[in-house]
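Q:
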Amino acid sequence: MNKEQAKKKIEKLRQEINFHNYRYYALDDPVVSDAEYDRLMRELENLEKEFPDLAAPDSPTQRVGAPPLEK
2 MNKEQAKKKI EKLRQEINFH NYRYYALDDP VVSDAEYDRL MRELENLEKE FPDLAAPDSP
62 TQRVGAPPLE K
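Written out as structure tokens, the structure is:
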């Protein structure tokens with residue numbers, strides 16, 4: 002995978018993971034299994050390690066926690 006392909010894949014993974022984070026944490030209504038979510042995160046982590054200049058401070062891999070659930 003070249004850098005441009007990695008950049009596109011990383012952007013797609015970040016969007017997908019952010020969507021799943023919102024569904025899980027804000028709505029308490031996940032649409033993927035924990036195993037699938039973990040697979041997406043591992044794929045993103047691996048790409049960011051392989052292309053460290055594409056890592057970003059706002060990446061889901063850099064988050065420590067999530068905002069509290071509002072009910």
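The sequence shown begins at 2 in the working numbering and counts up by one. Cβ atoms here follow ideal geometry from the backbone N, Cα and C, with glycine treated the same way.
Quick one: what's got a C-beta closer than 8 Å to F1's C-beta in the same chain, skipping five residues either side?
A: Coverage of the chain is limited to positions 2 through 72, which leaves residue 1 absent and any answer about it impossible.
Q: Would R40 and P31 qualify as a contact pair, given that the criterion is a beta-carbon distance under 8 Å?
A: Position 39 of the sequence shown, counted from the first residue, corresponds to residue 40. Position 30 of the sequence shown, counted from the first residue, corresponds to residue 31. No, these two residues do not count as a Cβ contact at 8 Å.
Q: Rounded to whole angstroms, what is the Cα-Cα separation between L45 and L14?
A: As a working note, residue 45 is residue 44 in the sequence shown. As a working note, residue 14 is residue 13 in the sequence shown. Looking at the two C-alpha atoms, the distance is approximately 6 Å.
Q: Do P58 and M42 have their C-beta atoms within less than 8 Å of each other?
A: Reading the sequence shown from its first residue, position 57 is the one you call residue 58. Reading the sequence shown from its first residue, position 41 is the one you call residue 42. Not in contact: P58 and M42 (Cβ atoms no closer than 8 Å).
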